[in-house]
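Everything on this sheet refers to the single structure shown next.
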Amino acid sequence: MAKIVGSIVTSHVPAIGRAIAGNLQNEPYWKPFFDAFPPIHRWLDEVKPDVAVVVYNDHGLNFFLDKMPTFSVGAAPQYHNADEGWGIPTLPPFTGETELSWHLINQLVNKEFDLTSCQEMLVDHAFTLPLKLLWPQEGACPIKVVPVCINTVQFPIPSASRCYKLGEAIGEAISAWDSDARVVVIGTGGLSHQLDGERAGFINKPFDLQFMQSLVDNPKWATQYTVEQLVEHTGSQGIELLMWLAARATIKGEVRALQNTYHLPISNTAAGVMLLEPLA
Amino acid sequence: MAEQQRVSIPGTTLFDDIQAQKGYALNKMCFSFNDKANRDAFKADEAAYCARFGLNPAQLAAVQSRNVLQLIAAGGNVYYLAKFAGIFGLDVQDIGAQQTGMSKDEFKQKLLNAGQ
Ligand SMILES: [Fe+2]
Numbered sequence: 523m524a525k526i527v528g529s530i531v532t533s534h535v536p537a538i539g540r541a542i543a544g545n546l547q548n549e550p551y552w553k554p555f556f557d558a559f560p561p562i563h564r565w566l567d568e569v570k571p572d573v574a575v576v577v578y579n580d581h582g583l584n585f586f587l588d589k590m591p592t593f594s595v596g597a598a599p600q601y602h603n604a605d606e607g608w609g610i611p612t613l614p615p616f617t618g619e620t621e622l623s624w625h626l627i628n629q630l631v632n633k634e635f636d637l638t639s640c641q642e643m644l645v646d647h648a649f650t651l652p653l654k655l656l657w658p659q660e661g662a663c664p665i666k667v668v669p670v671c672i673n674t675v676q677f678p679i680p681s682a683s684r685c686y687k688l689g690e691a692i693g694e695a696i697s698a699w700d701s702d703a704r705v706v707v708i709g710t711g712g713l714s715h716q717l718d719g720e721r722a723g724f725i726n727k728p729f730d731l732q733f734m735q736s737l738v739d740n741p742k743w744a745t746q747y748t749v750e751q752l753v754e755h756t757g758s759q760g761i762e763l764l765m766w767l768a769a770r771a772t773i774k775g776e777v778r779a780l781q782n783t784y785h786l787p788i789s790n791t792a793a794g795v796m797l798l799e800p801l802a
Numbered sequence: 091m092a093e094q095q096r097v098s099i100p101g102t103t104l105f106d107d108i109q110a111q112k113g114y115a116l117n118k119m120c121f122s123f124n125d126k127a128n129r130d131a132f133k134a135d136e137a138a139y140c141a142r143f144g145l146n147p148a149q150l151a152a153v154q155s156r157n158v159l160q161l162i163a164a165g166g167n168v169y170y171l172a173k174f175a176g177i178f179g180l181d182v183q184d185i186g187a188q189q190t191g192m193s194k195d196e197f198k199q200k201l202l203n204a205g206q
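Protein sequences, first through last, are from chains U and L.
Quick note: the first sequence, position 226, residue 748 per my numbering, numbers continuous.
Quick note: the second sequence, position 19, residue 109 per my numbering, numbers continuous.
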């Protein structure tokens, strides 16, 4: 059966793409963030995952308001990145792991997660940048992927508790996949930030730090909040922590944090990076 | 059916069913700006481009003003508006500064202060 080797959660701010394109990784503004990754690269070299399941949110590249699925899973042999309107360089296509995609779709719908399957899916910065941070080498991303997208654009947005349960179901489905594959689950987004309104620039460091700690000590901690309460505590885009929560929930039982970085600001955002490894 | 309770957070417009309906045409136009050809068409003839999407008067005025708070009030969603702002080379700190009535440097300082 397939095995989850760990979970990596990280912010996905578009400005990271500009920093990578401009080779700014060692500038004082960027260094504290990029320094989180070399230890994770060494870990990836050691554990050698074959597949990445990437839990992310689309920002209006693949989905528009005409059709807005709450949960969707990619089932494409290849995923293309595309222009999102601000001309950051696009990354080469990503190779899908369709066997796992369909396994997840079958298992999850069976468990009453009525998700949308996508045999074509454009992937935006929230998907591409974390993979580029984790596999920074030239050319195509070296491991196969399965995108899992959660709606954070339009209310109603699924609750923290529901996203946690989705993560648990993904974890169980991966563990039931008849394969020798080693799977890493990536969650992207957050942490606290707000782009819109008079409250733009809102950041909540104490809440972010408590949330990050909770992923190790008490992973269901954030499920006590409604989405509206999360907006209050973390800003209107801070609710992207839902992706972290779902990714963490794929690991049954306890974890240890092999990497834990919090740095702000990047652009308008408090940025976090964690590498969580199952204890069992 | 009982009206669902709407939550109010100062300085924040939750993009709910009301906003999603009100802002549909505006957001659809902004979504089209994912394509460079559409960004160029907008720049070449703004009025004609807006007409294709059937913006209402409030949306037209908001587009003309380049005012983000006004665009949000007209139903705009920030993820799509970011593509509109991109046409003018504005990043999220420019639009943050504009919405909070600060200079860009003041806005950046506010973000730095959040780390203290
Ligand atoms: Fe985002």
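Note that beta-carbon positions come from the ideal geometry of N, C-alpha and C, so glycine has one too.
Output the boundary residues of the beta strand (DSSP E) element that contains residue i.
i: U:Ala793; result: Thr791 to Pro800
i: U:Gln781; result: Val777 to Ile788
i: U:Tyr578; result: Val573 to Tyr578
i: U:Phe593; result: Phe593 to Gly596
i: U:Ile526; result: Lys525 to Thr532
i: U:Arg803; result: Shown here, chain U extends from 523 to 802; a query on residue 803 of chain U therefore has no answer.
i: U:Lys666; result: Lys666 to Ile672
Return the Cβ separation of residue i and residue j in integer angstroms, given the expectation that the two are a contact with Cβ distance under 8 Å.
i: L:Gln189; j: L:Leu159; result: 6 Å
i: L:Thr102; j: U:Val631; result: Their Cβ separation, rounded to whole angstroms, is 34 Å, which puts L:Thr102 and U:Val631 out of contact at 8 Å.
i: U:Ser639; j: U:Ala698; result: At roughly 18 Å, the Cβ-Cβ gap does not stay under 8 Å, so U:Ser639 and U:Ala698 are not in contact.
i: U:Leu717; j: U:Asp730; result: That pair is no contact at about 17 Å.
i: U:Glu762; j: U:Thr617; result: Wrong, their Cβ atoms sit about 25 Å apart, outside the cutoff.
i: U:Asp605; j: U:Ala648; result: Wrong, their Cβ atoms sit about 15 Å apart, outside the cutoff.
i: L:Asp133; j: L:Ile177; result: Sequence inspection shows Lys at residue 133 of chain L; the Asp mentioned does not correspond to that position. That belief holds up - the Cβ atoms of L:Lys133 and L:Ile177 are roughly 7 Å apart, short of 8 Å.
i: U:Cys685; j: U:Leu764; result: 4 Å
i: L:Phe121; j: U:Phe586; result: 5 Å
i: L:Leu201; j: U:Asn790; result: 6 Å
i: L:Phe105; j: U:Gln732; result: No, L:Phe105 and U:Gln732 are not in contact; Cβ-Cβ is about 26 Å, not under 8 Å.
i: U:His534; j: U:Thr710; result: 4 Å
i: U:Leu786; j: L:Gly179; result: U:Leu786 to L:Gly179, Cβ: 25 Å. No contact.
What are the start and end residues of the alpha helix (DSSP H) that includes residue i?
i: U:Phe729; result: Lys727 to Asp739
i: L:Gly153; result: Correcting the residue type first, residue 153 of chain L is Val in the shown sequence and not Gly. Here the alpha helix (DSSP H) through L:Val153 covers Pro147 to Ser155.
i: U:Val540; result: Val is not the amino acid found at residue 540 of chain U; the sequence shown has Arg there. U:Arg540 -> alpha helix (DSSP H) spans Pro536 to Ala543.
i: L:Lys200; result: Lys194 to Asn203
i: U:Thr620; result: Thr620 to Asn632
i: U:Ser639; result: First-last for U:Ser639: Thr638 to Cys640, but that is the beta strand (DSSP E), not the alpha helix (DSSP H).
i: U:Cys685; result: Ala682 to Ser697
i: L:Cys120; result: Tyr114 to Ser122
i: L:Ala187; result: Val182 to Thr190
i: U:Val749; result: Val749 to Thr756
i: L:Pro100; result: Unbroken run through L:Pro100: none, as it is neither H nor E.
i: U:Lys589; result: U:Lys589 -> no alpha helix (DSSP H), and no H or E assigned at all.
i: U:Ala558; result: Here U:Ala558 belongs to no alpha helix (DSSP H), and DSSP marks it neither H nor E.
Note to self: By the 7 Å beta-carbon criterion, what residues does the region 667 to 686 of chain U contribute toward chain L?
What the structure shows: Val675, Gln676 and Phe677
**Item:** Near-chain L residues of the region 602 to 615 of chain U (beta-carbon distance less than 9 Å), N- to C-terminal order
**Value:** Ala604, Asp605, Glu606, Gly607, Trp608 and Gly609
Is the region 156 to 172 of chain L in contact with the region 682 to 694 of chain U, if contact means three or more CB pairs nearer than 8 Å?
no
> Which of the residues in the region 554 to 588 of chain U, read from start to end, lie with their CB under 7 Å from any CB of chain L?
Replying inline: His581, Gly582, Leu583, Phe586 and Leu587
Check distances from the C-beta atoms of the region 157 to 175 of chain L to those of chain U and list, in chain order, the residues that come in under 9 Å. Val158, Leu159, Ile162, Gly166, Asn167, Val168, Tyr169, Tyr170, Leu171, Ala172, Lys173, Phe174 and Ala175
- Query: Using 8 Å as the threshold, is the region 698 to 707 of chain U in touch with the region 561 to 581 of chain U, meaning 3 or more CB pairs across them?
  - Reply: yes
- Near-chain L residues of the region 722 to 733 of chain U (beta-carbon distance less than 9 Å), N- to C-terminal order: Ala722, Gly723, Phe724, Ile725, Asn726 and Lys727
Original post:
At a Cβ cut of 9 Å, what residues of the region 134 to 160 of chain L count as close to chain U, listed as they run along the chain?
Top reply: Val158 and Leu159
Report yes or no: do the region 554 to 566 of chain U and the region 781 to 801 of chain U share at least 3 C-beta pairs separated by less than 8 Å? yes
Whether or not the region 539 to 549 of chain U and the region 663 to 671 of chain U are in contact is what I'm after, with contact meaning three or more pairs of Cβ atoms, one per stretch, closer than 8 Å; do they touch?
no
Query raised in the report: What residues in the region 752 to 763 of chain U have a beta carbon less than 9 Å from any beta carbon of chain L?
Result: Val753, Glu754, Gly757, Ser758 and Gln759
Is the region 135 to 143 of chain L touching the region 179 to 196 of chain L in the sense that three or more CB pairs, one from each, lie closer than 8 Å?
-> no
Exercise for the section: Would you list, in chain order, the members of the region 708 to 721 of chain U that have their beta-carbon closer than 8 Å to a beta-carbon of chain L? Expected result: Gln716, Leu717, Asp718, Gly719, Glu720 and Arg721
The region 643 to 667 of chain U: positions lying closer than 7 Å to chain L by Cβ
none
Check: Taking a cut of 9 Å between CB atoms, which residues from the region 174 to 192 of chain L lie near chain U?
Finding: Phe174, Ala175, Gly176, Ile177, Gly179, Asp181, Val182, Gln183, Ile185, Gly186, Ala187, Gln188, Gln189, Thr190, Gly191 and Met192
**Report entry** Contact residues within the region 735 to 752 of chain U, judged by C-beta distance below 7 Å to chain L
**Finding:** Glu750
Task: Where the region 123 to 134 of chain L meets chain U: residues whose CB sits under 8 Å from a CB there - done: Phe123, Asn124, Asp125, Lys126 and Arg129
Exercise. Does the region 618 to 625 of chain U come close enough to the region 648 to 657 of chain U to have 3 or more Cβ pairs within less than 8 Å?
Worked result: no
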